[in-house]
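Same order as they appear, the protein sequences are chains A and B. FYI, this note's numbering numbers position 164 of the first sequence as 164, with every residue one higher than the one before it. FYI, this note's numbering numbers position 92 of the second sequence as 92, with every residue one higher than the one before it. C-beta atoms are modelled at their ideal positions from N, C-alpha and C, and glycine is treated no differently. Please read all numbers here as calculations on a predicted model, not as lab measurements. Let me begin by presenting the structure, written as structure tokens, before commenting on it.
Number of protein chains: 2
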Amino acid sequence: MKKGNEQLAVMTGLLIADKPGTFITRHLDWAEMQFGGLVGDRHFGVISKADVRQPMYPRGTEIMNRRQISIVSEEECEEVAAALGIERVAPEWLGANMALKGLERLTALPRGTRILFPSGAGLVCEGENEPCVHPGKVIAEQTGNPKLAGKFVKAAWNRRGIVASVERPGIVSAGDEVRILFPDEL
Amino acid sequence: MKKGNEQLAVMTGLLIADKPGTFITRHLDWAEMQFGGLVGDRHFGVISKADVRQPMYPRGTEIMNRRQISIVSEEECEEVAAALGIERVAPEWLGANMALKGLERLTALPRGTRILFPSGAGLVCEGENEPCVHPGKVIAEQTGNPKLAGKFVKAAWNRRGIVASVERPGIVSAGDEVRILFPDEL
Numbered sequence: 001m002k003k004g005n006e007q008l009a010v011m012t013g014l015l016i017a018d019k020p021g022t023f024i025t026r027h028l029d030w031a032e033m034q035f036g037g038l039v040g041d042r043h044f045g046v047i048s049k050a051d052v053r054q055p056m057y058p059r060g061t062e063i064m065n066r067r068q069i070s071i072v073s074e075e076e077c078e079e080v081a082a083a084l085g086i087e088r089v090a091p092e093w094l095g096a097n098m099a100l101k102g103l104e105r106l107t108a109l110p111r112g113t114r115i116l117f118p119s120g121a122g123l124v125c126e127g128e129n130e131p132c133v134h135p136g137k138v139i140a141e142q143t144g145n146p147k148l149a150g151k152f153v154k155a156a157w158n159r160r161g162i163v164a165s166v167e168r169p170g171i172v173s174a175g176d177e178v179r180i181l182f183p184d185e186l
Numbered sequence: 001m002k003k004g005n006e007q008l009a010v011m012t013g014l015l016i017a018d019k020p021g022t023f024i025t026r027h028l029d030w031a032e033m034q035f036g037g038l039v040g041d042r043h044f045g046v047i048s049k050a051d052v053r054q055p056m057y058p059r060g061t062e063i064m065n066r067r068q069i070s071i072v073s074e075e076e077c078e079e080v081a082a083a084l085g086i087e088r089v090a091p092e093w094l095g096a097n098m099a100l101k102g103l104e105r106l107t108a109l110p111r112g113t114r115i116l117f118p119s120g121a122g123l124v125c126e127g128e129n130e131p132c133v134h135p136g137k138v139i140a141e142q143t144g145n146p147k148l149a150g151k152f153v154k155a156a157w158n159r160r161g162i163v164a165s166v167e168r169p170g171i172v173s174a175g176d177e178v179r180i181l182f183p184d185e186l
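So, in structure tokens, the structure goes:
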């Protein structure tokens, strides 16, 4: 990744976490991104509360929300499926908000990378989304194979995508071609 | 920098940009950090407007403010002074909000590094602060040597410190011992 480098990808899926009682997200044709995330998503908010992901702050204290939107790649989902020995891992099983196609390695995108949409909206990569146990449970249910529940974290390590925050609001649509703009200094 | 690594430093100077008509900051004993930055500072705001630093957005559009607080190190200021052949470069001449002492190379801190204060307040490193021409003019004035104005950008390259945003509000005080907490994955 060179200075000023950029790359193109396609947002093949746009999804929202708004179904009560499940981690699974559902597909949308388009959505409004505001400061704070996707309108209607349960992770929406400029401010959130510290949890197990921010152990340097007391649980429940208000902090800036840098985990507004989670993004996976089609390519890495295929690798996770292969590692689990199953046909497919769907982005919605991972609770993802966006699925991208065309990037060699989404999870390795450096913090500060921008993801820019045709509407003018922009996201900033806040870093790797370290795998937790929830998707494993979903995959076990979806495939009917309870043994997979405990295998997800290892299978998804370095392939689970990134979290991002909204830098500039705007409309995003499934099928959008997005620009991936690497930060100047790496 | 290893996983989970952390380091200590001392905030030797706390400064605010609130004097009309000048880039120079002034020292405070303590200040309140809220979401958005230092209360009363001209860069305060959760939201700011895109400028020359964000050429991927139209000038003047509202974006998240990731340049709330600028931080320099005593050690790098000494290196810049040596490169300019002068005795001292004061943090206030650079418009800095904080001066840290005890870090080998502040400017190289990765994005996502946390700076944690005794009050519980926390900052997140948003990246290197690339040198602009303003401090050169101040240094030329302060030293009475107009030739230095054009030499600052080169002398300060990779030594100009970082910008940060407030992750958790709280009081910060000159003399605070701060924890520098590196992100897990680099």
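Check the Cα spacing between B:K151 and each of B:V172, B:A82 and B:Q68: the tightest is with B:A82. Closest option to B:K49, judged by alpha-carbon separation, among A:P169, A:P183 and A:F182: A:P169. DSSP, read as helix, strand or coil, puts B:A121 in coil. In this structure B:T12 touches B:K101 by the C-beta definition: roughly 5 Å separates them, less than 8 Å. Of all residues in the region 101–129 of chain B, those with a C-beta nearer than 8 Å to a C-beta of chain A are P110, R111, G112, R114, L116, G120, G122, V124, E126, G127 and E128, reading in chain order. If you compare the alpha carbons of B:G60, B:C132, B:E78 and B:S119 with that of B:I171, the shortest gap goes to B:S119. Residues of the region 57–77 of chain B that bring their beta carbon within less than 8 Å of a beta carbon in chain A comprise Y57, P58, T61, E62, I63, M64 and R66, in sequence order. Taking all protein chains in view, the Cβ of A:V80 is crowded by 16 or more other Cβ atoms within 10 Å, so the residue is classified as buried. In this structure, the alpha-carbon of B:E75 lies about 25 Å from that of B:M33. Not one beta carbon of chain B lies nearer than 7 Å to the beta carbon of A:E141. B:I139: member of the alpha helix (DSSP H) spanning H134 to T143, first to last residue. Contact annotation, A:T107 with A:F182: C-beta distance approximately 15 Å; criterion of less than 8 Å not satisfied. For A:E177, the CB contacts under 7 Å within the same chain, skipping 5 residues up- and downstream, are L8, V10 and P118 in chain order. Listed along the chain, the chain A residues whose CB falls inside 8 Å of the CB of B:S165 are M64. Here B:L15 has T25, R26, H27, L28, P91, E92, A96, N97, M98 and A99 as same chain residues with Cβ atoms under 8 Å from its own Cβ, once five neighbours each way along the sequence are excluded. When rounded, the separation of the alpha-carbon atoms in B:R66 and A:V124 is 10 Å. If you draw a straight line from the Cα of A:P131 to the Cα of A:A140, it comes to about 15 Å. Judged by their CB atoms, B:G122 and B:E87 are not nearer to each other than the 7 Å cut-off.
For the region 9–58 of chain B, the continuous beta strand (DSSP E) assignments of 3+ residues that do not extend past its boundaries occur at 30–34 and 47–49, in sequence order.
Straight-line measurement puts the Cα of B:G136 at about 6 Å from the Cα of B:L148. Excluding its 5 nearest sequence neighbours in each direction, B:V163 has C-beta neighbours in its own chain below 6 Å: R67, S70, E126 and N129, listed in chain order. Here A:V39 is exposed, its C-beta having fewer than 16 other C-beta atoms within 10 Å.
Setting aside the 5 residues that flank it on each side, A:V46 is surrounded in the same chain by F35, G36, M64 and N65, each with a C-beta closer than 8 Å to its C-beta; the list follows chain order. The contact set of B:V46 on chain A, defined by CB atoms closer than 7 Å, consists of V46 in chain order. Residue pairing for A:E6: DSSP places it in a beta bridge opposite A:L181. In this structure, B:A155 keeps its C-beta atom at 7 Å or more from the C-beta atom of B:L94. Looking at the DSSP output, A:E104 bridges to nothing. If you look at A:V89, you'll find it isn't in any alpha helix (DSSP H); DSSP assigns it neither H nor E.
A residue is called buried once 16 or more other Cβ atoms fall within 10 Å of its Cβ, and B:D41 is buried on that count. In terms of Cα proximity to A:A17, the closest of A:A31, A:E6 and A:V89 is A:A31.
Pairing A:N5 with A:S165, the inter-Cα distance amounts to about 21 Å. Using beta-carbon distances, B:R168 counts as an interface residue toward chain A, with a partner under 7 Å.
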